[in-house]
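Chains as they are written, first to last, in my numbering: chain A, 135 to 614; chain B, 24 to 494. Idealized CB from N, CA, C, for every residue including glycine. Computed from a predicted model, the values in this text were never measured in an experiment. Okay, structure first, notes after.
Next comes the structure, spelled out in structure tokens:
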């Protein structure tokens, strides 16, 4: 994190585009799918062929309302508008969006640090195709050739516009992360920034202290990860401060974040900015969701991340260590906190369940695995009861995830994981101590780190079958 | 022969569709070199379709209410695999990969599409002189225009080449050429006929409708193409109306408003024809009420902001990137500009610029928004009028067909030929033009009947009365 010099303060607002997780595109029946051979997932409507007409996808409306409700927005009767500008990846040379009457009006998002960021609007619109510029400069100006893939054209988007309420790059990252978790929780989006499911633009300006008027802002595009959100904003704010301190002024413009070079550069100036000539889309009728529909959607919304984090802290007894807080944030972010609450409900210690879910299960699932809650809970119960050691539990988990489920006890038995009897463990421990007299002396002398050394040796000798807790107990007992 | 007569004969096996279609192709061969109503004649496809209909009849299947009826389709209504170019260079050679909904309806009803008809480029014009294919001529007098923009469709029916055709009406583009060519033309209620596959000019005003030589045939074709279409969000959720069965129920008891604002400015002969039509309706039991709707005078101004505004956006997609004409240039923006410069005609460019201006930052409120408020005013004025009358009677056009080249140099003069038809489109209401005699030069005169939304049945009934006495 970069601190701005003197009394400079940055003012940031974010515009986040999220693709909606619908089966089909916003105005036609083409699949809403990532990838595919270029220009195969298209039809007359999403290609904007002459004579074609849009028909609104009701599921997209429902998901957009879910986002609006999760962000405490006012859901209002709305109108689609045309945003007119020429660009090759835009089949109609206008984008169907919402302008003066968005579906979701004023709302807010509370950051984990307690800051409330106003959400000015969350409106629906269609995505464009993808242009690739080949040869020459590799940009639209000066490329030898441009090729366009319209598979993405017409994919439903919601654009969530925050107020200028963010005051640091770290806060911007937190906002984006929290918003991402909310989007995932609502089921409206998979939140995958690397695939472009969630795209962030940042409006950045600086000013001298919290009471000064807003400065001239620049819009930063191409922020493809939470990390680049933070880096780009820090860089941009510093660039602006440097210019202003040198007596220069900020030119309002759109800038492109170059992740490799770690800097922003001019994309287009305000003078080149488009006049979008918005007007109501005559091919669609106004969108006015009924109160009944909105209430039904509200009733179907699951708990949002903030509430789920509070639940986990409660299970830990009302407070969490710093590393537990990270684990909580991580499991909620990944939507796997349900494993922890389910385990805690059957009497498994919340700390154990949280640690295993955050550290072991998350990794296994992120590689594409699946596991049902009941199976994971059974495994945690086994570990809690000492039926398997921590190491054994991890091995069983890996097996379960790899095969998509199964009976943890059967898997443990098949691997020969039986609880090692105390006599056998004692014998092995004594042998390990005898083989490593120097280390034992240092351990006796108070070097606690060597406990890990002996545990490792015992684990190696027992091929991981020993219970780590029992080894530790044995070591402490022998030291007296 | 009427479409209804043909369909009856073909369905009953008294006449073969192949004969009917051959006869139409012969008529086209005879007349169209002079009239130039068609941009393409689909000879072999029409023969094949006719054979299929005859085979169906032979098999005891009913090919539908338009069995074997030859029909022309305007060049802005998509026909799969056939050039659909809106008579514009920019869409030269473009073949849609899909059929417009109305084309599917025609085929399902047994109609045989024999050709694609000429038009003003992108339906912008009132004379069919703005066509990349060259002008269509009025079948009654070849030195005169057929009207526009659906001039090809009107002339094809007027010349007797086909009994039916489809046009589109954004500000009068069916009714004005119908009047000029002496045929019946109906602009249906907005949303009654699907726009899916109609290449957009001004989306909130465009509507497909029929041309026919008789009111009954127009009603028959309108029945076939009407009805809800899930592919058009502005399609009304109403069943196709039953129109033909009630055509001879007359006008007794109807209150008809003789609207001064839709007559003033018309030639004396047209004014007299409207008065005569009113007398016919009165003689059949209608009550004629003289009325005025002063708000209609703002229609032309509002229309020439709203329609170009929508057109400027609708026509943006013709950019040389995906289909149609491309003029190569060093970069994308210059390629866009070069393609559009070469591909669009003057009238289209004029309206794109007008519409772009009307929507621009700083001008939107003064032009586009003001025009929309005016549109609301006109809708309200019509609503008030229809609380006291069932139908409105007026002229379709201020003049009969003018000479080719007469108004090409003066766009404003050309625009004024739609002054009586435009208000209907702004309100989304139905209206029709029915032949009502001729002027001293023998040029056809049309009178216009207007009604509230979904009053087609009533309009056609009144038109049938005028047709019987005056046509």
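- The C-alpha of residue 447 of chain B lies about 47 Å from the C-alpha of residue 170 of chain A.
- Contacts between residue 222 of chain A and chain B, judged by CB atoms closer than 7 Å, involve 344 and 355 in chain order.
- No residue range can be given for residue 549 of chain A, since it is assigned to no beta strand (DSSP E) and is classified by DSSP as neither H nor E.
- In this structure, residue 181 of chain B keeps its C-beta atom at 8 Å or more from the C-beta atom of residue 441 of chain B.
- The beta carbon of residue 572 of chain A sits closer than 6 Å to none of the beta carbons in its chain outside the five residues before and after it.
- Of all alpha-carbon atoms in B:227, B:264 and B:350, the one lying nearest the alpha-carbon of residue 418 of chain A is that of B:227.
- Listed along chain A is no residue with a C-beta nearer than 8 Å to that of residue 334 of chain B; the closest approach is about 11 Å.
- Closest option to residue 459 of chain B, judged by alpha-carbon separation, among B:144, B:118, B:416 and B:188: B:416.
- According to the DSSP assignment, residue 122 of chain B belongs to no beta strand (DSSP E), since it is labelled neither H nor E.
- Ranked by how close their Cα comes to the Cα of residue 429 of chain B, the residues B:223, B:169, B:207 and B:32 have B:169 in first place.
- For residue 235 of chain B and residue 106 of chain B, the gap between their C-alpha atoms comes out near 24 Å.
- Between residue 51 of chain B and the set B:125, B:122, B:350 and B:139, the nearest pair of CA atoms involves B:139.
- Apart from the 5 residues on each side of it in sequence, residue 368 of chain B sits with its Cβ closer than 8 Å to the Cβ of 111, 112, 144, 153 and 155 in its chain, given in chain order.
- Per DSSP, reduced to three states, the secondary structure at residue 226 of chain B is coil, with no helix or strand assignment.
- For secondary structure counted as the alpha helix (DSSP H) over 4 or more consecutive residues, the segment 411 to 443 of chain B holds these complete runs in sequence order: 434 to 438.
- Interface criterion not met: the Cβ of residue 191 of chain A is under 8 Å from no Cβ in chain B.
- Scanning chain B for C-beta atoms nearer than 9 Å to the C-beta of residue 226 of chain A yields 336, 337, 339 and 340, reported in chain order.
- CA-CA distance, residue 542 of chain A to residue 485 of chain A, rounds to 21 Å.
- Contact annotation: residue 212 of chain A and residue 229 of chain A have beta-carbon atoms that are not nearer than 8 Å.
- Contact holds between the segment 271 to 284 of chain B and the segment 307 to 326 of chain B, because three or more Cβ pairs, one in each stretch, are under 8 Å apart.
- Within the segment 103 to 174 of chain B, the complete beta strand (DSSP E) segments at least 3 residues long are 135 to 140, listed from N- to C-terminus.
- It is roughly 46 Å from the alpha-carbon of residue 382 of chain B to the alpha-carbon of residue 441 of chain A.
- Spatial neighbours of residue 374 of chain B in its own chain (CB-CB distance under 7 Å, excluding positions within 5 residues in sequence) are listed in chain order as 147, 331 and 334.
- Within a 10 Å sphere around the beta-carbon of residue 348 of chain A sit fewer than 16 other beta-carbons, which makes this residue exposed.
- Beta-bridge annotation (DSSP): residue 220 of chain A is not paired with any residue.
- Counting along the chain, residue 96 of chain B sits inside the beta strand (DSSP E) bounded by residues 93 to 97.
- Note on residue 327 of chain A: 16 or more other CB atoms within 10 angstroms of its CB, so buried under the neighbour-count rule.
- Closer than 8 Å to the CB of residue 278 of chain A there is not a single CB belonging to chain B.
- The C-beta of residue 222 of chain B comes closer than 8 Å to at least one C-beta of chain A.
- Around the beta carbon of residue 455 of chain A, fewer than 16 other beta carbons sit within 10 angstroms, so the residue counts as exposed.
- Note on residue 246 of chain B: 16 or more other CB atoms within 10 angstroms of its CB, so buried under the neighbour-count rule.
- Residue 218 of chain B belongs to the set of residues whose beta carbon lies under 8 Å from a beta carbon in chain A.
- Taking C-beta separations shorter than 8 Å and ignoring five residues to either side along the sequence, the partners of residue 465 of chain A in its chain run 446, 471, 473, 474, 488, 491, 492 and 496, following chain order.
- The C-beta of residue 421 of chain A comes no closer than 8 Å to any C-beta of chain B.
- Listed along the chain, the chain B residues whose CB falls inside 9 Å of the CB of residue 418 of chain A are 256 and 257.
- By the neighbour-count criterion, in which 16 or more other beta carbons inside 10 Å mark a residue as buried, residue 281 of chain A falls on the exposed side.
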